[in-house]
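Working notes, structure below.
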Amino acid sequence: MNNLKYYLAAITAFSLWGTFSLVLKPLHSYPSLDILFYRVFSCAVIMTLVTVLFRKVKLRNNLNNFKNLIPKDKRKIIGLNILSSILLTGNWFSFIYVMNHISVRATSVAYLVCPIITTILAFFILREKLSRLQWISVFLSAVGCILLSYANLLDMIYSSLIGSTYACYLIIQSTNSKFDKFLVLNFHMILSALILLPFFPTYSGPVPADFTFYFYIEIIAVMYTIVPLLLNLYALSGIASSKVGMILNINPIIAFILAGAVYHEKLDFVQILAYSIIFFAVIVFNGKEIFRLKEKQIA
């Protein structure tokens with residue numbers, strides 16, 4: 011039962027992201043870069059205010075811990091967090107662009123590709139061990155993705171780009187657990203804002219005057235960025251990144267349902283079959299933990 015809270019954190023985070031289109035689609039008339047600029051700047055400001063007002067002690071303790079590290083570890087941590095910020099920024103921009111200008115379905119495929127990449131990277135880089143049944147589930151996920159790429163190769167190319175950036179971010183965060191999760195994410199947001207700031211004067215459009223734009227941006231900043239990312243980091247502190255990666259499939263399955271039910275994007279038999287295979291793969295991958303939790307509840 012100790013792992014249940016980490017599983018619930020991952021499930022909640024990815025379920026939230028699965029409904030992202032509900033708040034992103036209303037902003038489809040705005041340039042993708044503008045949505046990205048205001049999203050990141052809002053997150054950086056909100057999190058920094060929370061840190062300064064309510065988390066001064068945590069900040070001081072974490073800074074002292076950092077100062078006590080040897081130079082080699084300091085350079086490693088700085089490098090990992092800079093890379094994390096770059097990956098997050100790239101992931102957000104590609105996701106927003108594909109969601110609003112290609113299709114909702116293409117973004118859902120991205121987070122079907124992501125678990126496969128995450129699991130393979132976790133095996134080779136983090137040396138996470140997988141059972142034969144878990145490898146079968148990875149194979150099933152790959153089959154589902156191949157079926158989806160057969161239906162639309164361009165979607166698959168866009169999806170692979172989005173999925174790869176987030177998979178790399180997940181792997182890095184599995185090795186980046188020495189500091190407070192809120193402060194780590196705050197650091198990522200500030201760096202991401204600094205990366206984007208030089209591009210803002212040239213590539214941003216006119217300052218939006220519609221209150222609706224800022225309303226949705228703040229919802230995106232808090233409920234679709236800060237909250238799920240914190241839940242994600244929390245889940246990674248308790249369960250393997252390969253398991254978090256496979257649970258991520260909840261995100262695209264919800265997005266897939268919304269693409270057909272809400273946005274009326276055409277869904278054929280091959281796509282439905284592919285998603286069904288991938289959903290089955292998630293159950294297979296986490297089957298051992300699911301049955302173990304059920305047994306404990308019965309006992």
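Just so we're aligned, residue 11 is where the sequence shown starts under the numbering used here, counting upward by one.
Positions of the beta carbon are idealized from the N, C-alpha and C atoms, including for glycine.
Keep in mind that this is a model prediction, so the values were computed, not measured.
- By the beta-carbon neighbour count (other beta carbons within 10 angstroms, threshold 16), G100 is buried.
- Around A291, the same chain offers S147, L150 and S151 as residues with beta carbons nearer than 6 Å, after the five sequence neighbours per side are excluded.
- When only Cα atoms are considered, A219 and I56 end up about 21 Å apart.
- Note on geometry: alpha-carbon atoms of I260 and N78 lie some 40 Å from one another.
- For secondary structure counted as the alpha helix (DSSP H) over 4 or more consecutive residues, the region 27-110 holds these complete runs in sequence order: 31-34, 42-64 and 66-77.
- The straight-line gap separating the alpha-carbon atoms of P238 and V254 is approximately 13 Å.
- Contact between the region 76-95 and the region 258-275 is absent: fewer than three C-beta pairs spanning the two stretches fall below 8 Å.
- The closest CA to that of K35, considering only I229, S251, I126 and L240, is found on I229.
- Annotation for P208: no alpha helix (DSSP H) segment contains it, and DSSP assigns it neither H nor E.
- Across the structure, I181 and S187 are spaced so that their CA atoms are roughly 11 Å apart.
- In terms of CA proximity to L69, F189 leads the group I205, T117, G173 and F189.
- Burial is judged here by how many other beta carbons sit within 10 angstroms of a residue's own beta carbon; V272 has fewer than 16 and is exposed.
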